[in-house]
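Counting along the sequence shown from 1, when you hit position 687 you're at 686 in numbering that gives the first Met the number 0, and nothing is skipped either side.
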Amino acid sequence: MAENTIALTDTRAEIASGVIRAIAGDSARLRDDQETAVAALCEPNARVLVVQATGWGKSAVYWAATAIRRAENAGPTLVVSPLLSLMRDQVAAAGRAGLRAATLNSTNIDAWSSIEHDLRSGAIDVLLVSPERLANPGFGRRVLDGLAGQIGLLVIDEAHAVSDWGHDFRPDYRRVSDVLQQLNPKTPVLATTATANARVTEDVAHQLGESTLVLRGPLARSSLQLAVVDALSPLDRFAWVIDHLPKLPGSGIVYTLTVSDAQRLAAAIQEVHGRDVPVAAYTGQLEAGERESLEDALRDNRLKALIATSALGMGYDKPDLGFVVHVGSPPSPVSYYQQVGRAGRGIDHAMVALLPSDADAGVWDYFATATIPIPENVNRLLRGLESYGPDQPASVPSLEAETGLRRTRVELMLKQLAVDGVVERVEKGWVRTGADWTFDAAHYDGIVAVRRREADIMRAYTRGDRCLMQLLQESLDDPSAEPCGRCSVCLGKLPDPLQEKPEAETVQAIIRLLRGEVHILEPRKMWPGGAFGARGKIPANLMPEPGRTIVYADAPEWREVLRGVFTADAPDPDALEALKAGCVAALSKWRNSWSSRPEVVVPLPAAGYGRLTTAIAEHVATVGRLERAELTVDATGFTDDLSSAEEAKVWRDGLQVDGATAQAIGGRSVLLVVDASSSQWPITVGAAKLLEAGAGAVLPLLIHRRP
Numbered sequence: 000m001a002e003n004t005i006a007l008t009d010t011r012a013e014i015a016s017g018v019i020r021a022i023a024g025d026s027a028r029l030r031d032d033q034e035t036a037v038a039a040l041c042e043p044n045a046r047v048l049v050v051q052a053t054g055w056g057k058s059a060v061y062w063a064a065t066a067i068r069r070a071e072n073a074g075p076t077l078v079v080s081p082l083l084s085l086m087r088d089q090v091a092a093a094g095r096a097g098l099r100a101a102t103l104n105s106t107n108i109d110a111w112s113s114i115e116h117d118l119r120s121g122a123i124d125v126l127l128v129s130p131e132r133l134a135n136p137g138f139g140r141r142v143l144d145g146l147a148g149q150i151g152l153l154v155i156d157e158a159h160a161v162s163d164w165g166h167d168f169r170p171d172y173r174r175v176s177d178v179l180q181q182l183n184p185k186t187p188v189l190a191t192t193a194t195a196n197a198r199v200t201e202d203v204a205h206q207l208g209e210s211t212l213v214l215r216g217p218l219a220r221s222s223l224q225l226a227v228v229d230a231l232s233p234l235d236r237f238a239w240v241i242d243h244l245p246k247l248p249g250s251g252i253v254y255t256l257t258v259s260d261a262q263r264l265a266a267a268i269q270e271v272h273g274r275d276v277p278v279a280a281y282t283g284q285l286e287a288g289e290r291e292s293l294e295d296a297l298r299d300n301r302l303k304a305l306i307a308t309s310a311l312g313m314g315y316d317k318p319d320l321g322f323v324v325h326v327g328s329p330p331s332p333v334s335y336y337q338q339v340g341r342a343g344r345g346i347d348h349a350m351v352a353l354l355p356s357d358a359d360a361g362v363w364d365y366f367a368t369a370t371i372p373i374p375e376n377v378n379r380l381l382r383g384l385e386s387y388g389p390d391q392p393a394s395v396p397s398l399e400a401e402t403g404l405r406r407t408r409v410e411l412m413l414k415q416l417a418v419d420g421v422v423e424r425v426e427k428g429w430v431r432t433g434a435d436w437t438f439d440a441a442h443y444d445g446i447v448a449v450r451r452r453e454a455d456i457m458r459a460y461t462r463g464d465r466c467l468m469q470l471l472q473e474s475l476d477d478p479s480a481e482p483c484g485r486c487s488v489c490l491g492k493l494p495d496p497l498q499e500k501p502e503a504e505t506v507q508a509i510i511r512l513l514r515g516e517v518h519i520l521e522p523r524k525m526w527p528g529g530a531f532g533a534r535g536k537i538p539a540n541l542m543p544e545p546g547r548t549i550v551y552a553d554a555p556e557w558r559e560v561l562r563g564v565f566t567a568d569a570p571d572p573d574a575l576e577a578l579k580a581g582c583v584a585a586l587s588k589w590r591n592s593w594s595s596r597p598e599v600v601v602p603l604p605a606a607g608y609g610r611l612t613t614a615i616a617e618h619v620a621t622v623g624r625l626e627r628a629e630l631t632v633d634a635t636g637f638t639d640d641l642s643s644a645e646e647a648k649v650w651r652d653g654l655q656v657d658g659a660t661a662q663a664i665g666g667r668s669v670l671l672v673v674d675a676s677s678s679q680w681p682i683t684v685g686a687a688k689l690l691e692a693g694a695g696a697v698l699p700l701l702i703h704r705r706p
């Protein structure tokens, strides 16, 4: 790692000082490391990596460097940034610094033409794009080709994402090095992050080049008071948030580990507090415009809190954010530090509370391996891609249907393979390049081992083994780590108002509310191909209507009930009664949207729980005065590790409609009751069999949608 003694000239220092004052006030001046970074970036071939705490002023470095380079007739700055929220804030910050910035993203397509024209004419000082945009062939043809040799500065924001040792590895970030070579290898490069330990720092610096100047500072945040609120069940955690949210200072963020939990907790808070404590759910599933509106509402204090997944993280800037609460522990201390760093950036005190649970470990295990390619799946994807030929690009939906792999998995693997040069994205889809792919087992085993060690650190954090801030600093290899004196471990107690337990009445209210939720079960649209044979769209006449799910994933309000009914023995009577009531309630809400009222009930014990499925079917038939019919079920060969195509084939071969059942369902609507499934193939294939046998419609009722 290089050392740098270059100082700013008087003229450059004056420009940089003007930028800092415009951003932070008349009394503001460059920190020593900021000045060192800016001075280095004024030279050709510079490579600078800045690892500093949130709120330190990393963006001020590239605004000052941009202003200097533009004054010296250099080309525009290209900022590679991971989130739309960060881009919007950066465009506004650039304006305060006297620079004109623009972004090309999915929310402003109508403005692309004028922005690209201004970019070519030199009217734009800074262009912000996502790493995914860099991988878009159309963007490369229209924009990057025209900027070749013209870029004055390249900025890689949230640079930990460049490294697959980082907590937020994004394959498209690896394209940045290719873009640099395409634009101009001598272009100065700045990489910034607040969340890189020594290994990630070394990896990113190595990717930038051996001469990289690394500027790393202390990561402690004196404005944050960290606390762990332990010994809460998943439902207790929801109740704790509902009871404590009105007492927390200012406005803030409540993080959850899953989209489902964000939506459900937001709904529970709204049900209990109404307009007195305004909140909204914020997830990556929202449209960009809606996310932007919610970000502004929190920034303007029109919301008490956003109940958010990690989609609200990097780049969101609200200096007076008063609290961050985590309902469930993230799997990595690095990602946790990044998220809590949203709070207390412009105020002296912010409350940070973690509400852990033993149930978090399952989510951690998923994240530990979620981005690791599975050789069998990669080879299946490559075979599917090769079946289209070299001159026939394949789309992601077509590859999903061809391989039976989930779309999100297909998209991730394609990006990873593109980094290795094995596939290439063209304007009409993806093609095989001919390069060989090999699985680097030792490398990926190392990544998984690192992630599991990070999970162990989070366990130590939740146990309160030592000062919480010190532990986070140590996980980021901060040599200045020391006890903070203000966290719940240093104080030996929880600070007010975090000490209070959730009210029992709140817990019961949450159970009633959450058990009454409606979960729509959208039908599969495509046959899986592969071992199943058929691929492509499922004909409308063989597709069930949208169904309903009673228990979605590991919903805590149903956990004890599931334990009581999914058993090899007879279902527990009390648990079975609770589940029966839930099914009847779901059907009552559903009746306003089904095309015709069910007339026949057909049970399908897809997971092998015949007693349970029959009991539910009989109860629904009695309450709804419906007839009963049976499917012949032979699930021989079914296991949880089958591919989509293989599982669909098992159900196609193992489900039969006999003559008596065909007569009973002829021209009538069928309620198909299924015990449990994660893939939906027993529902999809079973519905097709019933419809082929003459059923007028099939309405699936799934008891448990497994994760």
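Don't be surprised by glycine CBs; every beta carbon is placed ideally from N, CA and C.
For clarity, every value in this text was computed on a predicted model and none was experimentally measured.
For residue i, collect the residues of the same chain with a Cβ closer than 6 Å to its Cβ; drop the 5 residues on either side in sequence, then sort them by chain order.
i           : result
residue 710 : With the chain covering 0 to 706 only, the question about residue 710 has no answer from this structure.
residue 396 : none
residue 704 : 548 and 551
residue 527 : 403, 643, 644 and 647
residue 359 : 327 and 328
residue 583 : 622
When DSSP labels each residue in this structure, what does residue i get in the three-state scheme?
i           : result
residue 527 : strand
residue 299 : coil
residue 412 : helix
residue 304 : strand
residue 155 : strand
residue 681 : helix
residue 252 : strand
residue 688 : helix
residue 100 : strand
residue 2   : Only weak support is given to the placement of residue 2: the predicted model assigns it a pLDDT of 49, under 50, and the question is left unresolved by the model.
residue 387 : coil
residue 401 : helix
residue 500 : coil
Please return the same chain residues whose Cβ sits closer than 8 Å to the Cβ of residue i, not counting the five positions on each side in sequence.
i           : result
residue 451 : 367
residue 326 : 236, 237, 240, 253, 254, 255, 256, 260, 264 and 354
residue 27  : 19 and 20
residue 118 : 75, 101, 126, 142, 145 and 146
residue 0   : Any reading at residue 0 must be qualified, since the residue scores a pLDDT of 49, below 50, and its modelled position is unreliable; no value is offered.
In whole angstroms, what separates the C-alpha of residue i from that of residue j?
i           : j           : result
residue 95  : residue 21  : 6 Å
residue 74  : residue 47  : 19 Å
residue 535 : residue 162 : 37 Å
residue 331 : residue 657 : 54 Å
residue 269 : residue 347 : 30 Å
residue 199 : residue 189 : 16 Å
residue 276 : residue 300 : 11 Å
residue 659 : residue 378 : 45 Å
residue 183 : residue 97  : 26 Å
residue 586 : residue 620 : 12 Å
residue 334 : residue 474 : 11 Å
residue 111 : residue 105 : 10 Å
residue 278 : residue 319 : 17 Å
residue 444 : residue 156 : 27 Å
residue 39  : residue 338 : 30 Å
residue 669 : residue 116 : 59 Å
Could you pull the DSSP bridge partners for residue i from this structure?
i           : result
residue 551 : 704
residue 351 : 225 and 323
residue 655 : 631
residue 563 : Note: residue 563 sits in no beta bridge, so no partner.
residue 191 : 49
residue 422 : 431
residue 282 : In DSSP, residue 282 forms no bridge with anything.
residue 182 : BP columns for residue 182 are empty, so no partner.
Residue i and residue j look like a contact to me (Cβ under 8 Å); what is the Cβ gap, rounded to whole Å?
i           : j           : result
residue 233 : residue 356 : 5 Å
residue 682 : residue 628 : 16 Å between Cβ atoms; not a contact.
residue 399 : residue 409 : 5 Å
Spatial neighbours of residue i within its chain, please: C-beta separation below 7 Å, excluding the five flanking residues on both sides.
i           : result
residue 604 : 612, 632 and 674
residue 684 : 647, 650, 651 and 654
residue 86  : 80, 102, 104 and 127
residue 298 : 317
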